[in-house]
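Colleague: Next up is a structure, given as structure tokens.
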Amino acid sequence: MLKHAISRTAWLFGALLLIGLLAACAGQPAPAPTTVPVAEAPTQPPPTAAPTATQAPTQAPPTATLAPTTAPLSSADNCVKCHTDQETLQQLAKAEEPTEKLSEGEG
Amino acid sequence: MPPVEAWEKVYVDPEKFVQNDPHAKVANCIQCHGGQGGSDDMAVAHKGVVTDPTANAESATKLCGTCHADITKAQVKSLHFDSHGYDTIISQRLGDAPASHAAWEQAKANHCSSCHTSCGQCHVSQPTSVGGGLISGHQFKKVQAFTRTCTGCHGSRVNDEYTGRNEGIPADVHWTKAGMACFKCHTGQELHGMGEAGNQTERYDGKPAPACLDCHPNAAPGQGQIMQHNIHGDKLACQVCHSVANKSCYSCHVQTNEKGQPFYKIEPSVITFKIGLNPKKSADRPWNYVVLRHVPIDPTNFDFYGKDVLAKFDALPTWKYATPHNIQRITPQNKTCDACHGNEQLFLSEKDLKPYEVKANQSVIPTRIPPKVGQ
């Protein structure tokens with residue numbers, strides 16, 4: 008008799024504990040979704056490995072001890088800015104003065 | 141060579157070079173060319189600029205050699221880079237007097253040194269000797285158009301012969317039939333002076349490179365069905381039968397004007413075809429007969445720089461071993477046996493020589509010409 012009473016009490020205690028846990032879980036807010044970074048669309052197409060040339064370019068050096076920074080052209084921005092500007096060059100570039108032709112005959 | 145506009149000579153193509161050329165990723169403009177960064181003023185920015193940063197061995201090794209070590213190491217000692225072939229040949233004619241050598245050194249500096257090439261003058265720009273200028277927006281190319289590079293320097297003989305610019309003389313069959321650019325035969329190894337080419341003291345040192353047999357192995361004696369190849373064996377260089385009339389030059393006199401500007405005067409060239417004895421005969425070049433071309437040497441070439449500079453003028457022939465770039469399968473001399481055999485006009489003789497060069501050429505004048513065979 009006594010053995011049956013203890014078993015029933017233990018069962019009741021376990022059931023109450025399970026109900027309590029379920030209730031506690033139901034009351035918590037749903038976890039916020041983690042933010043997945045979205046890749047921005049590139050503004051320029053990625054550079055191709057090979058120049059658009061009729062002939063193959065010289066082989067890309069595998070290692071380059073000359074490379075001083077991650078942005079190697081930064082210290083020469085003005086050079087690039089001017090020398091890639093066709094209009095500016097057409098205004099500034101001067102044809103070399105033709106030197107007096109002193110030589111005679113085929114070279 | 142078509143002219144390049146002044147602006148185009150210095151135009152850097154943003155797509156071809158800045159964005160896509162691997163060389164733009166490893167060095168910036170100033171690291172190679174010098175100059176001042178951070179200034180909008182053209183004069184300030186250009187202060188100290190070096191237009192051809194690979195023109196001397198030290199800078200070429202430092203810049204190109206960092207990544208292309210093997211090539212650069214050979215290149216800075218190659219015939220192309222320092223033109224030491226001139227020294228090899230001219231020094232044999234110089235007198236023993238120190239003054240002769242000093243005069244030659246001065247003349248060479250004034251007139252010959254501009255004919256050397258740098259890394260940049262083949263891979264990035266036109267040669268300086270034809271005005272320089274970027275070819276393709278500063279893009280580095282393993283192979284630039286040969287019409288912008290090779291023939292800039294090798295023009296009046298090689299290019300005129302190869303592309304058929306000598307009136308009445310056909311272009312080379314490798315050009316007309318196959319459109320082959322220079323690099324098809326002349327490899328990077330050879331042009332950079334790598335391997336055996338690194339030992340050359342002048343153009344025709346060592347084994348022929350390129351050799352006709354590299355591509356035509358069946359033309360070797362005993363290796364094919366063509367009777368003439370088998371009969372003549374190693375007696376004739378390929379060009380004796382397969383090249384045609386080519387350009388000979390005479391008497392290039394060099395001097396400077398009152399401002400120190402160097403210049404030359406050379407006699408009009410002459411189209412010739414002369415067969416003679418092989419002045420370079422060796423195990424590598426075993427032929428008895430080769431084509432000869434007159435080179436523009438004469439005893440007074442360097443008189444402006446000193447008296448009797450070429451005191452040993454007779455040490456070498458003035459008719460030089462030649463490989464004319466106008467190869468044909470059928471030529472006037474190989475149409476029939478007797479087109480060549482017994483044809484005195486084809487063979488160099490004293491009648492072809494000026495008085496000052498008779499002694500110098502005795503070793504290349506055939507003592508007898510092959511007799512007619514009746515075919």
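Chains as they are written, first to last, in this note's numbering: chain D, 8 to 114; chain L, 141 to 515. Each residue gets a CB set at the ideal place from its N, CA and C atoms; glycine is no exception.
Going by alpha carbons, who is nearest to C381 of chain L out of L:Q368, L:P162 and L:C389?
Modeller: The residue given as residue 381 of chain L occupies position 241 in the second sequence. Ranking the options by Cα distance to C381 of chain L, first place goes to L:Q368.
Colleague: For I411 of chain L, which residues does DSSP report across the bridge?
Modeller: By 1-based counting over the second sequence, the position of residue 411 of chain L is 271. For I411 of chain L, which the question treats as bridged, DSSP gives the partners L:K387.
Colleague: Cβ atoms of A377 of chain L and W427 of chain L: under 8 Å apart, would you say?
Modeller: Here residue 427 of chain L refers to the residue found at position 287 of the second sequence. Here residue 377 of chain L refers to the residue found at position 237 of the second sequence. Closer than 8 Å, so yes.
Colleague: Considering only residues of the same chain and omitting the five flanking positions on each side of F442 of chain L, which have a CB-CB separation below 7 Å?
Modeller: Here the question's residue 442 of chain L lines up with position 302 in the second sequence. Counting only Cβ-Cβ distances below 7 Å, and skipping sequence neighbours, we find A243, W244, A247, V394, V449 and L450.
Colleague: Along the chain, where does the beta strand (DSSP E) containing Y404 of chain L start, and where does it finish?
Modeller: For the purposes of this step, residue 404 of chain L is taken as the residue at position 264 of the second sequence. Residues P402 to I406.
Colleague: Where does G446 of chain L fall in DSSP's three states?
Modeller: Counted from its first residue, the second sequence places residue 446 of chain L at position 306. Note: G446 of chain L maps to coil in three-state DSSP.
Colleague: Along the chain, where does the alpha helix (DSSP H) that runs through L234 of chain L open and close?
Modeller: Here residue 234 of chain L refers to the residue found at position 94 when the second sequence is read from its first residue. Careful: L234 of chain L lies outside any alpha helix (DSSP H) and carries neither H nor E.
Colleague: Hey, does E111 of chain D have any beta-carbon neighbour from chain L nearer than 8 Å?
Modeller: The sequence position of residue 111 of chain D within the first sequence is 104, counting from 1. Judged by the 8 Å Cβ criterion, E111 of chain D is in contact with chain L.
Colleague: Looking at the strands, I want to know which residues DSSP matches up with L376 of chain L.
Modeller: Position 236 of the second sequence, counting from 1, holds the residue named residue 376 of chain L. DSSP, once it has assigned bridges, lists L:Y429 as partnering L376 of chain L.
Colleague: Should T65 of chain D go down as buried or exposed, given a rule of 16 or more other Cβ atoms within 10 Å for buried?
Modeller: Mapped onto the first sequence, residue 65 of chain D falls at position 58. Caution is warranted here: a pLDDT of 47 is assigned to T65 of chain D, below 50, making its placement in the model unreliable, and the coordinate value is therefore given only provisionally. Buried is the call here.
Colleague: Since F487 of chain L sits in a beta bridge, which residues does DSSP pair it with?
Modeller: Mapped onto the second sequence, residue 487 of chain L falls at position 347. Beta-bridge pairing links F487 of chain L to L:I415.
Colleague: Are L109 of chain D and N397 of chain L touching if we call contact CB-CB under 8 Å?
Modeller: As a first step, residue 109 of chain D is located in the first sequence; it is residue number 102 there, counting from the start. As a first step, residue 397 of chain L is located in the second sequence; it is residue number 257 there, counting from the start. Cβ atoms of L109 of chain D and N397 of chain L: closer than 8 Å.
Colleague: Am I right that L488 of chain L and C480 of chain L are in contact with their C-beta atoms under 8 Å? What's the rounded C-beta distance?
Modeller: Along the second sequence, read from residue 1 onward, the residue named residue 488 of chain L stands at position 348. Along the second sequence, read from residue 1 onward, the residue named residue 480 of chain L stands at position 340. Their Cβ separation, rounded to whole angstroms, is 14 Å, which puts L488 of chain L and C480 of chain L out of contact at 8 Å.
Colleague: Could you tell me which residues DSSP pairs with H434 of chain L in its beta bridges?
Modeller: The residue you call residue 434 of chain L lines up with position 294 of the second sequence. The partner list for H434 of chain L (beta bridge, DSSP) reads L:W459.
Colleague: List, in order along the chain, the chain D residues whose C-beta lies closer than 9 Å to that of A185 of chain L?
Modeller: Locating residue 185 of chain L in the second sequence gives position 45, where the first residue counts as 1. Result: N85, C86 and C89.
Colleague: Against chain D, with Cβ distances strictly below 8 Å, would M334 of chain L count as a contact?
Modeller: Here residue 334 of chain L corresponds to residue number 194 of the second sequence, with the count starting at 1. Chain D contact via Cβ: absent.
Colleague: Whole angstroms is fine: what's the gap from G272 of chain L's alpha carbon to V264 of chain L's?
Modeller: Locating residue 272 of chain L in the second sequence gives position 132, where the first residue counts as 1. Locating residue 264 of chain L in the second sequence gives position 124, where the first residue counts as 1. Distance between the alpha carbons of G272 of chain L and V264 of chain L is about 10 Å.
Colleague: Using the three-state DSSP reduction, which class does C322 of chain L fall into: helix, strand or coil?
Modeller: Translated into the one-based positions of the second sequence, residue 322 of chain L becomes position 182. Residue state, collapsed to three classes: helix.
Colleague: Going by C-alpha to C-alpha distance, which of L:I470, L:K387, L:A167 and L:D227 sits closest to E342 of chain L?
Modeller: Sequence index remark: in the second sequence, residue 342 of chain L carries index 202 (1-based). Checking every option, the nearest Cα to that of E342 of chain L belongs to L:D227.
Colleague: Roughly how far, in whole angstroms, is the beta-carbon of A311 of chain L from the beta-carbon of G304 of chain L, given that I think they are within contact range, below 8 Å?
Modeller: Here the question's residue 311 of chain L lines up with position 171 in the second sequence. Here the question's residue 304 of chain L lines up with position 164 in the second sequence. Right, their Cβ atoms sit about 3 Å apart.
Colleague: Threshold first: 4 residues or longer. Then list the alpha helix (DSSP H) segments lying entirely within the region 300-355 of chain L, N to C.
Modeller: Those alpha helix (DSSP H) runs which fall completely within the region 300-355 of chain L and span 4+ residues are 313-316, 328-331 and 352-355.
Colleague: Say whether chain D places a C-beta atom closer than 8 Å to the C-beta of P142 of chain L.
Modeller: In the second sequence, the residue the question calls residue 142 of chain L occupies position 2. Chain D, which has no Cβ nearer than 8 Å to the Cβ of P142 of chain L, makes this no.
Colleague: Measuring CB to CB, does K405 of chain L end up less than 8 Å from E94 of chain D?
Modeller: To locate residue 405 of chain L, count along the second sequence from 1; it is residue 265. To locate residue 94 of chain D, count along the first sequence from 1; it is residue 87. No; because the gap between Cβ atoms is not below 8 Å, this pair is not in contact.
Colleague: Check whether the region 453-469 of chain L and the region 414-434 of chain L are in contact - that is, three or more C-beta pairs closer than 8 Å.
Modeller: Cβ pair count under 8 Å is three or more, so yes.
Colleague: In the DSSP assignment, the alpha helix (DSSP H) including H173 of chain L goes from what residue to what residue?
Modeller: As a first step, residue 173 of chain L is located in the second sequence; it is residue number 33 there, counting from the start. C169 to H173 is the extent of the alpha helix (DSSP H) around H173 of chain L.
Colleague: Following the continuous alpha helix (DSSP H) through C86 of chain D, name the residue where it begins and the one where it ends.
Modeller: What you label residue 86 of chain D is simply residue 79 of the first sequence in a count that begins at 1. Note, C86 of chain D: alpha helix (DSSP H), D84 to H90.
Colleague: Any idea what DSSP makes of T201 of chain L, helix, strand or coil?
Modeller: Your numbering for residue 201 of chain L matches position 61 in the second sequence. In this structure, T201 of chain L counts as helix in the three-state DSSP scheme.
Colleague: Considering T291 of chain L, what are the terminal residues of the beta strand (DSSP E) in which it resides?
Modeller: Walking along the second sequence from the start, residue 291 of chain L turns up at place 151. That residue, T291 of chain L, is in no beta strand (DSSP E); its alpha helix (DSSP H) goes C290 to C293.
Colleague: Starting from the Cα of H163 of chain L, find the closest Cα among L:F444, L:Q365 and L:H278 and give me that residue.
Modeller: Position 23 of the second sequence holds residue 163 of chain L. Residue L:H278 is the option with its Cα nearest to H163 of chain L.
Colleague: For R508 of chain L, which three-state DSSP category applies?
Modeller: The residue labelled residue 508 of chain L in the question sits at position 368 within the second sequence. R508 of chain L falls in the coil class under three-state DSSP.
Colleague: Between which residues of its own chain and R233 of chain L is the CB-CB distance below 7 Å, once the five residues before and five after are set aside?
Modeller: Taking the second sequence and counting its residues from 1, one reaches residue 233 of chain L at position 93. Correct list, in chain order: L450, K452, F453, A455 and L456.
Colleague: Have a look at D192 of chain L and E148 of chain L and give me their C-alpha separation to the nearest angstrom.
Modeller: Here residue 192 of chain L refers to the residue found at position 52 when the second sequence is read from its first residue. Here residue 148 of chain L refers to the residue found at position 8 when the second sequence is read from its first residue. Answer to the nearest angstrom: the Cα atoms are 16 Å apart.
Colleague: What does the Cβ neighbour count give for K156 of chain L, buried or exposed, with the cut at 16 atoms within 10 Å?
Modeller: Here the question's residue 156 of chain L lines up with position 16 in the second sequence. The residue is buried, with at least 16 neighbouring Cβ atoms inside 10 Å.
Colleague: Can you name the residues of chain D whose CB is closer than 8 Å to the CB of A209 of chain L?
Modeller: Taking the first residue of the second sequence as 1, we reach residue 209 of chain L at position 69. None at all; the shortest Cβ gap to chain D is about 10 Å.
Colleague: Please state the DSSP three-state secondary structure of T212 of chain L.
Modeller: Taking the second sequence and counting its residues from 1, the one referred to as residue 212 of chain L is at position 72. If DSSP states are grouped into helix, strand and coil, T212 of chain L belongs with the helices.
Colleague: How many angstroms separate the CA atom of G177 of chain L from the CA atom of L274 of chain L?
Modeller: Within the second sequence, numbered from 1, the residue matching residue 177 of chain L stands at position 37. Within the second sequence, numbered from 1, the residue matching residue 274 of chain L stands at position 134. Those two C-alpha atoms are separated by around 21 Å.
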